[in-house]
Each structure stands twice: as C-alpha cells, then as structure tokens.
Amino acid sequence: MNSFSSVFGFLKPYRGKMFGSFLLLIASSLMILLQPRITQWAIDFGIPSGNISHIIGYAFAIIISAILSLVVNYSSGVLLIQASQYMSYDLRNALFKRISTFSFKDFDKWRTGELIVRTNSDVNTVRMFIRMGFFMLIQSVLMLAGSLASMFMINTSMAWIMAIIMPSIVVLFFIIAKFIRPIFMKVRQALDQVNNTLQENLVGAKLVRAFSRQQEEQRKFESKNSDYYKISKKVSMLVGVMMPLLMMLGNLAVVVVLYSGGSQVADPTIQMSLGSLVAFSNYTMTAFFPLIMLGMILSFLAMAMASVKRINEILLTEPAIKDPENPLILDSLEGSIEFDHVSHRYGEGEPVLKDLTLSIDPGERLGIIGTTGSGKSSMVHLIPRFYDTASGTVKIDGHDVRDLSLDTLRGRITVALQDTQLFSGTLAYNIRFGNPDATDEQIRQAAQIACASEFIDELEDGYDHKIGERGQGLSGGQRQRLAIARAVLSDPDILILDDVTSALDTATESDIVSNLYKESRKRTTIIISQKINTIKRADRILILDQGEIVSTGTHAELLRSCKIYQDIFETQNPAAK
Ligand SMILES: Nc1ncnc2c1ncn2[C@@H]1O[C@H](COP(=O)(O)OP(=O)(O)O)[C@@H](O)[C@H]1O
Ligand SMILES: [Mg+2]
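As structure tokens, then:
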C-alpha cells in the first residue's frame, strides 16, 4: 500500500488533530458501551428494589452518558474535519505545483479534463474518506471490540457463539468488497469520461457549432452520461441489497441470543440474570452496527483508494523534462543555436524532423517557411527544450540544452507560441505576463513594437481594458499582436515568433518585422511564417518540408536558385509573375 502512504503523508502535519480526535473517539465509544451495562444494573438492582429514585438515577445516568458521548463524538468530528480540510488544501496545492512542472510532453499525455477531475473530485473523495471513513472505521473497530469484550464479561459461553458468528460476517464482507472495488473504479472512469466530454465541448463550443455537430456531440455526451448513470445505479443497488441482508443477520443473531440466553435465565443452576440477558442482546446490536458500518467503510475505502491511486499518478509523475543534476546557469546568452543531426518524433509516431543540421549565429535573423505540418513548430520547440530530441543535440552558445538550467532556457529564450494563449484580465496584465516587473512605459513600448498600441489606444480604457477567458472579445489579429508584445517585453536573447502574424494584414506584418529588426539590442530572432512577405527581410531563410531542410539562403538567393521558393513566391504574389 505504498501509494496510500504517500497521499496520506499529507496528514502528517495534522497528526496532533488526528490523535486528539482518536482519543475523543475512544472516550465516546466507551460511553456508548457503558449504556447497556447501566441498563443491566437498572434491571437487576433498580427494578427488584422497587426504589423509584434509584430507577430514575439509572435512567439519568443513561441520559447523561448519551449526551456526553454525543458531545465528545462531535468534538472528535470537528478535529477530523479540520485535519481533512487542511490536508486536502495542501494536497491540491501539491498537485498544482506538480502539474506546473509538467513539460509539453506530459501535457500531450494527460487530458485537461482528467487533471481537473483529479485535483478536484479525487481530492474531495480522499478528504471525505478521512473525514467520515476514518471516523467510522475507528469507531466500528472500537465498538466491535468493546461489545465483544463486554459479552465475554457477561457470559462466556454465549460470547463464544457470537465470536464465531461475527468474524464469519466480516469475512463475507471482505469477499463482497473484493467484487465491489472494480465496480467503484468503473464509476470513477465513467465520471471521467463524462467530464472529459463536457470539457472538450465547452472548450470547442464554437467549433462544434461551426460544424453543426451539436446533435452528434449531444448524443456522445448522453451516451457517456448514461454509462455513468447505469454503473452508479448498479453500485447503489449493491449497497441497497447489502444493508437489509446485514440487518437480517443481526436480527438472527439476537434471536440466537434470546433463545440460548432465555433458557439459561430460566435454568436456576446457571447464574444469568435477566438484566445480563438484556445487556447481552444490546451488545449484540452494538456489535452488529459497526459491522454494517464496516461494509460501508470498505466500499468507501475502495473509492478512496481509487482516488489515491489517481492522485498519486500525478504526484509521482516525474516531469519528462527537468533540470540536469548540475544545471549550467547563465545570466544571458550570446544567442548562437546549433542543430546537430537532430531527429524528432512524438511518442512512437513517424519522425517529424529528420537529421537536421544547422547553425544559427548570435544576432542572426532567421526566417523559417514551410507548409503546415512541415515541422516548423516542432523544430523551434526543441530550442528552449519544450521537448527533448529523439536523437542528435541542440546546442545554445555551444552548450547542449540538456546541460543548461530550465530557468536559463525559458528565461532567456522566448517563444510566442502558435496558438496565442491569453488569460482573463486586463490587456496590461496579459502583456506583463512576459515580465512581471515591467513598468507601464515598458509595456507601452512593447505594444508599440508589436503594433498593438494602434488598437489599444483606441479603446476607452486602453491598457486597463478587460478581456475574457482565452482572449474573448478580441480579434485573431489583436490577440496575435498582444502575444508579440508579451514576447518582446520579456526581452529575451533569443526571440522566436511561431507563425503569430498569420491573422495580420501585410502592412501591419511588415511594420512589426521592421520594428523588431530596428531594435538596437542584439538578439537572435527566428520568425516562422507561411508567407514570404513576413520573412523576406531575414538574414537567412530556411525552407522546411516534411521535416527536412530543403534549402537555405537570402530572399534574393532563393528566388534565383530554389524552385519551391519561386513557386511559393508566385502563388503569393500573382502580380509579380
Ligand atoms: N504534440 C504533438 N503530438 C503528436 N504529433 C505532433 C505534435 N505536434 C506536432 N505533431 C505532428 O508533427 C508534425 C509537424 O508538426 P508541426 O511541427 O506543428 O508543423 P508546423 O509547425 O510546420 O505546422 C505534424 O505531422 C504534426 O501532426
Ligand atoms: Mg506550427
């Protein structure tokens, strides 16, 4: 139960509360166990004496012990609630922290919906288990043990009968629980599916409408939802059958007690009082109740175990890409990049980059052009080590990127990603993401370079203008300009723009590129585009096709010598023919 311990290790800081709760639970169980005893005394001593005040005294004792046990029980619960809440808070933070270390490759593996379910519902299941399951488990064990011990104290021979009947019921339970556990796993998986489908549909809501796929998606969701419903129903039915079964077994046990005990009370040679018989049958019930609870706890436990396993999968995921043992930390980079026989593939798929060899000088302005899927993004993602190469090395300033610290790589190299990611918040907030310490003036400058100031200045609230989740309320071109501004603001030594001018008109695009090239600061700049216009002023242009470098050269050179480049140029500039 290795995985169990690692999640429950999060309880360690709260072991004081857990222990306090445990002590209170023992006290309350003792008080509950005392009650049948007081009843016994009331019957054996109080009633025969005929002394009313005596009998009232016993009744009072029962009431007081009941109230006390309630209060103590409640306090124990409060401590547990606190411990479970603090623990789930820590656990959620730990999960978030771990997910923050995930590399692109890890995100390829995990679905967003899954990660959300695990940080939310699974953590909640564990919290509920600690809050209720743990409580019930300890109390059940205490009550069971206490009841059995009391039975032995009252009548050994009858207690032996019970001592044999009860464990057989526990064994029966374990057998049932074994069957139930996989079903609980399935409930979880079915819920995951529902969540995933929901998530995908919400994220792709517009796409679904654009392609009029609502009905099909609706059907898909309904089918997942009904799977979930069916399997949940099966579980409730199982639980529903178990309860009455147990009650029946409990009542049968009482019948056995009354039968064998009754004959003993009637037999003058055996010393068994009526009060002891009543107490004994009460203990039979107090022993059976925990057994019923144990059944619930076991299914609860199975559910919590499933959640723990899933939480641990995240906690124990070593990020695919992490700092080397002794990372090389550099304050700044010269900016040379070298691809040395680099090949790359995703998972077990076909190679998407094939034996690339290329060296880029510090301060060089490189343009990369190629069709969709030619490997442009894959190639630049290797530079800040978003992925590791399948073979070959990528070097920066002569150092293998795998020897450099991730902070150096990510801090000194900025990639404006192809799918522009914006957050809900103000425009300033979104740009400042590139450099949290930037002044308003720096933000304005960056926006100017990215030609974003043009539209921002026209807004009534300017940089304080609020945008929605994922940049709602902005056009594609506006989003791309914000992404460029953000990248520029981070002031990297290597700046990579991955096709982030696709939604812009030719004039704006040219302006942005001029602004970038005009900047006095020396930096290596890589601009990816599918349009020659964007990259034609680069020092060198690289044509990528199916993961291979087809040709390199300046715009003029390629126009002269490269057939593919000529073709692209002609389709994009029909007038120049
Ligand atoms: N995360 C990924 N997982 C699996 N395959 C991918 C992933 N990213 C890109 N690919 C595949 O790699 C190939 C190159 O893609 P990409 O580098 O995005 O090309 P480009 O940027 O030139 O359009 C494509 O076949 C694409 O489907
Ligand atoms: Mg791309």
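Take 757 as the starting number for the sequence shown in the numbering used here and just add one per residue.
Ideal Cβ positions, reconstructed from N, Cα and C, are used throughout, including at glycine.
These numbers come from a predicted model, not from an experiment.
Distance cut-off 7 Å: residue i Cβ against heavy atoms of ligand 2
i       : result
GLN945  : no
LYS1110 : no
ASP1254 : yes
SER1133 : yes
GLN1174 : yes
Endpoints, alpha helix (DSSP H) assigned at residue i
i       : result
GLU1197 : 1196-1205
THR1170 : That residue, THR1170, is in no alpha helix (DSSP H); its beta strand (DSSP E) goes 1169-1172.
THR881  : 879-884
ASP846  : 808-856
ARG1316 : 1311-1317
LEU790  : 771-797
LEU1122 : That residue, LEU1122, is in no alpha helix (DSSP H); its beta strand (DSSP E) goes 1121-1125.
VAL868  : Going by the sequence as given, residue 868 is Thr instead of Val. Looking at the DSSP string, the run of the alpha helix (DSSP H) that includes THR868 is 868-873.
GLU1210 : 1209-1212
ASP1193 : Counting along the chain, ASP1193 falls outside any alpha helix (DSSP H), and DSSP gives it neither H nor E.
PHE891  : 890-910
ASP864  : 860-865
THR1128 : Run containing THR1128: none; DSSP gives neither H nor E here.
ASN1289 : 1288-1291
Any non-hydrogen atom of ligand 1 within 7 Å of residue i CB
i       : result
ASP864  : yes
SER1285 : no
GLY1123 : no
GLY1342 : Only positions 757 to 1333 of the chain appear in this structure, which leaves residue 1342 out of reach.
GLY1129 : yes
GLY1105 : yes
TYR1337 : In the structure as shown, the chain begins at 757 and stops at 1333. Residue 1337 is therefore absent and cannot be evaluated.
TYR985  : no
Neighbour flag for residue i against chain C, beta carbons, 8 Å
i      : result
ARG965 : Among the chains in the structure shown there is no chain C, since it carries only a single protein chain.
8 Å contact criterion, which residue i and residue j should meet: CB distance rounded
i       : j       : result
ILE1093 : ILE1116 : 4 Å
ALA1259 : GLY1232 : 4 Å
ILE1291 : VAL1136 : No, ILE1291 and VAL1136 are not in contact; Cβ-Cβ is about 13 Å, not under 8 Å.
LEU780  : SER821  : With a Cβ gap of about 15 Å, LEU780 and SER821 do not count as contacting.
ARG1168 : ASP1249 : 5 Å
GLN1318 : ILE1299 : Checking the sequence, you will find Cys at residue 1318 rather than Gln. Right, the Cβ-Cβ distance comes to about 7 Å (below 8 Å), so this counts as a contact.
ASP1144 : ILE1077 : 6 Å
LEU836  : THR1042 : Contact doesn't hold; Cβ gap of about 22 Å is too wide.
SER1134 : PRO1083 : Their Cβ separation, rounded to whole angstroms, is 24 Å, which puts SER1134 and PRO1083 out of contact at 8 Å.
Bounding residues of the beta strand (DSSP E) (the contiguous stretch that carries residue i)
i       : result
GLY960  : Per DSSP, GLY960 belongs to no beta strand (DSSP E) and is neither H nor E.
ILE1093 : 1093-1101
SER1285 : 1280-1285
LEU1300 : 1296-1301
LEU1109 : 1107-1116
LYS1151 : 1147-1152
Residue i beta carbon near ligand 4 (any heavy atom closer than 7 Å)
i       : result
TYR1102 : Ligand 4 is not among the ligands present in this structure, which contains only ligand 1 and ligand 2.
Could you name each continuous alpha helix (DSSP H) segment of 4 residues or more that falls completely within the stretch 1214-1265, going from the start of the chain to the end?
1232-1245
Subject >> Contained alpha helix (DSSP H) runs [length at least 4] in the stretch 1024-1078, N- to C-terminal order >> reply: 1030-1071
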